[in-house]
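Q:
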Amino acid sequence: MSDVPSTAPIITVQQHILQEQKRFPGASGEFSWLLSGITMATKLIQSKVRRAGLIDILGEHGDVNVQGEVQQKLDVYSNEMLVHCLSARESIGVLASEENEKPLLVHKGSENANYAVVFDPLDGSSNIDVNVSVGTTFSILRRPAGASLDDPERWVLQPGSEQIAAGYVVYGSSTILVYSVGNGVHGFTLEPSVGAYILSHPNMQMPAQGRYYSVNEAYCDTFPPAYNDYLQRLRSGALGHRYASRYIGSMVADFHRTLLKGGVFLYPPTESNPGGKLRLLYEANPVAFLAEQAGGKALDGTRPILDIKPDSIHQRTPLVVGSRVEMEEFERCIVQNR
Ligand code: AHG
Ligand code: MN
Ligand code: MN
């Protein structure tokens, strides 16, 4: 090990965004200001997530209630933080969240409101109580030409191919933010002592093939036959090696592993969720955007996720997302089962 300190520049997510923004002609800093709303909110969320087991204990001693703060579930708290931080950005006209039935109009009447942000404030929330990774996903869309402030749904009912940026944060062994503005995928790790996201994973590329598949196998007797054929091929060594399985039950964490290590994550149609369980706008679209930017692929079983024109903001979809080799094999299995 050398004692010489690294001379590599430290790049924060804010610096990175300012650099990326030069790709948007006419952008005047509004986009980086918008994204800083997401970074701020996710820092607040991670600090609460890190204290998850303590909040009730401290609350009983009064230091939570003294502030008049009612104990809230972390997914409600996370939603409030995102809405609060993003509402302060004048460039945003519409917010849509898993936790709100309808899209929220912000800055009614502002001519400067050019963007909509769609998000899942806390993904994998059933894992909170057992100290397993959770996350936040987000997708940013431009206000469609001619869309009025009276029709917020129109702002967000756009196919994923129209996303101008998307990303997620995983609150795992460290807090990591991964985002793309359509110019590659970049990961930033939160340095807790200074409260800054620092570039740690520039230009992320999914390996062409991985070693894991990730699916809730408890439901496999209700998957369509093509999915079971596919999983059997992965298990049997038909792709060169026998696959192992990993399933966390937080899509963000399962996808993050798939992005770094390759492989495939699936949430197929099941008996209880024949149209899939995951939500198109704020779960499937952001990970599909990132996967495609990183050399992978995302399908709803047959169609590219990013081609789906949504009908409603909480619409669900099956999702199969992964590396090139696994996705090509999946497509072969679908064709053979027709
Ligand atoms: P959320 O916590 O936002 O409701 O999302 C949970 C989702 C997703 O994160 C995960 O992949 C999936 O639910 C797990 O579902 P199963 O328990 O049916 O496998
Ligand atoms: Mn979710
Ligand atoms: Mn959620």
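Numbering (this note's numbering), first residue to last: 37 to 374. Backbone N, C-alpha and C define an ideal beta-carbon position, used for all residues, glycine too.
1) With DSSP run on the structure shown, which of helix, strand or coil describes Ala289?
2) Cutting at 7 Å between CB atoms, please list the residues of its own chain near Glu134, excluding the five before and the five after it.
3) For the putative contact between Gln55 and Phe67, defined by C-beta atoms under 8 Å, what is the C-beta separation to the nearest angstrom?
4) State yes or no: is the C-beta of Gly358 within less than 9 Å of the C-beta of Thr294?
5) What does the Cβ neighbour count give for Ala44, buried or exposed, with the cut at 16 atoms within 10 Å?
6) Using a Cβ-based criterion (distance less than 8 Å to any ligand heavy atom), does Ser134 qualify as near ligand 3?
7) Taking DSSP as the reference, what is the three-state secondary structure of Val142?
8) Let me know the secondary structure DSSP gives Arg315 once reduced to three states.
9) With 16 as the cutoff for other CB atoms within 10 Å, does Gln372 come out buried or exposed?
10) What is the DSSP secondary structure of Pro188, counted as helix, strand or coil?
11) Return the first residue and the last residue of the alpha helix (DSSP H) that Pro157 is part of.
12) Alpha carbons only, please: which of Thr173, Met117, Leu193, Tyr249 is nearest the one belonging to Pro139?
13) Please state whether DSSP places Pro261 in a helix, a strand or coil.
14) If you reduce the DSSP assignment to three classes, tell me which class His237 lands in.
15) Between Ser209, Ser229, Pro228, Gln241, which lies nearest to Ser216 when the distance is taken from Cα to Cα?
16) Under 8 Å, with one C-beta from each stretch per pair, do the region 194 to 203 and the region 320 to 327 reach the 3-pair mark?
17) Gln103 to His350, Cα distance in whole Å?
18) Determine the DSSP secondary structure at Ala334, reduced to helix, strand or coil.
19) Using the C-alpha atoms, what's the distance from Ala330 back to Tyr263?
20) Look up Leu355 in the DSSP assignment and give the residues it is bridged to.
21) Which first and last residues belong to the alpha helix (DSSP H) in which Glu120 is found?
22) Can you grab the Cα-Cα spacing for the pair Asn252 / Leu131, in whole Å?
23) Could you check whether Arg179 and Asn150 sit closer than 9 Å to each other, using their CB atoms as the reference points?
24) Helix, strand or coil for Arg178? Go by DSSP, reduced to three states.
25) Flag Ser161 as yes when its Cβ comes closer than 8 Å to any non-hydrogen atom of ligand 3, and as no otherwise.
A: Straight from the coordinates:
1) Residue 289 sits at position 253 when you count from the first residue of the sequence shown. Reduced to three states, the DSSP call for Ala289 is helix.
2) By 1-based counting over the sequence shown, the position of residue 134 is 98. Taken in chain order, the residues that qualify are Asp156, Pro157, Arg315, Tyr318.
3) As a first step, residue 55 is located in the sequence shown; it is residue number 19 there, counting from the start. As a first step, residue 67 is located in the sequence shown; it is residue number 31 there, counting from the start. Their Cβ separation, rounded to whole angstroms, is 12 Å, which puts Gln55 and Phe67 out of contact at 8 Å.
4) As a first step, residue 358 must be located in the sequence shown, where it is residue number 322. As a first step, residue 294 must be located in the sequence shown, where it is residue number 258. Yes, the pair counts as a contact, with Cβ atoms nearer than the cut-off.
5) By one-based count along the sequence shown, residue 44 stands at place 8. Counting Cβ neighbours within 10 Å, Ala44 comes out exposed, since fewer than 16 surround it.
6) For the purposes of this step, residue 134 is identified with residue 98 of the sequence shown, where counting begins at 1. As written in the sequence, residue 134 is Glu, which differs from the Ser given in the question. Result yes, Cβ under 8 Å from ligand 3.
7) Within the sequence shown, numbered from 1, the residue matching residue 142 stands at position 106. It is coil, neither helix nor strand.
8) Here residue 315 is taken as the residue at index 279 of the sequence shown, counted from 1. Strand.
9) Counting from one through the sequence shown, the residue named residue 372 turns up at place 336. It is exposed - the Cβ of Gln372 has fewer than 16 other Cβ atoms within 10 Å.
10) To locate residue 188, count along the sequence shown from 1; it is residue 152. The answer is helix: DSSP assigns Pro188 an H, G or I state.
11) Reading the sequence shown from its first residue, position 121 is the one you call residue 157. Where Pro157 is concerned, there is no enclosing alpha helix (DSSP H), although the beta strand (DSSP E) it sits in stretches over 151 to 159.
12) Working through the sequence shown from its first residue, we reach residue 139 at position 103. Ranking Thr173, Met117, Leu193, Tyr249 by Cα distance to Pro139 puts Leu193 first.
13) Residue 261 sits at position 225 when you count from the first residue of the sequence shown. Three-state result, Pro261: helix.
14) If you number the sequence shown from 1, residue 237 lands on position 201. Secondary structure at His237: strand, using DSSP grouped into helix, strand and coil.
15) The residue given as residue 216 occupies position 180 in the sequence shown. It is Gln241 whose Cα lies nearest to the Cα of Ser216.
16) yes
17) Counted from its first residue, the sequence shown places residue 103 at position 67. Counted from its first residue, the sequence shown places residue 350 at position 314. Residue confidence is low: Gln103 scores 44 on pLDDT, short of 50, so the model does not pin down where it sits. No coordinate-derived value is stated.
18) On the sequence shown, position 298 is the one that residue 334 refers to. Note: Ala334 maps to strand in three-state DSSP.
19) Along the sequence shown, read from residue 1 onward, the residue named residue 263 stands at position 227. Along the sequence shown, read from residue 1 onward, the residue named residue 330 stands at position 294. Taking the straight line joining both Cα atoms gives about 24 Å.
20) Residue mapping note: residue 355 aligns to position 319 of the sequence shown, counting from 1. In the DSSP output, where bridge partners are listed per residue, Leu355 has Tyr303.
21) If you number the sequence shown from 1, residue 120 lands on position 84. Sequence inspection shows His at residue 120; the Glu mentioned does not correspond to that position. His120 -> alpha helix (DSSP H) spans 110 to 123.
22) To locate residue 252, count along the sequence shown from 1; it is residue 216. To locate residue 131, count along the sequence shown from 1; it is residue 95. Using only the alpha carbons, I get a separation of about 31 Å.
23) Numbered from its first residue, the sequence shown carries residue 150 at position 114. Numbered from its first residue, the sequence shown carries residue 179 at position 143. Taking 9 Å as the Cβ cut-off, Asn150 and Arg179 qualify as a contacting pair.
24) Locating residue 178 in the sequence shown gives position 142, where the first residue counts as 1. Assignment of Arg178 by DSSP, reduced to helix, strand and coil, places it in the strand class.
25) Here residue 161 corresponds to residue number 125 of the sequence shown, with the count starting at 1. The closest heavy atom of ligand 3 lies less than 8 Å from the beta carbon of Ser161.
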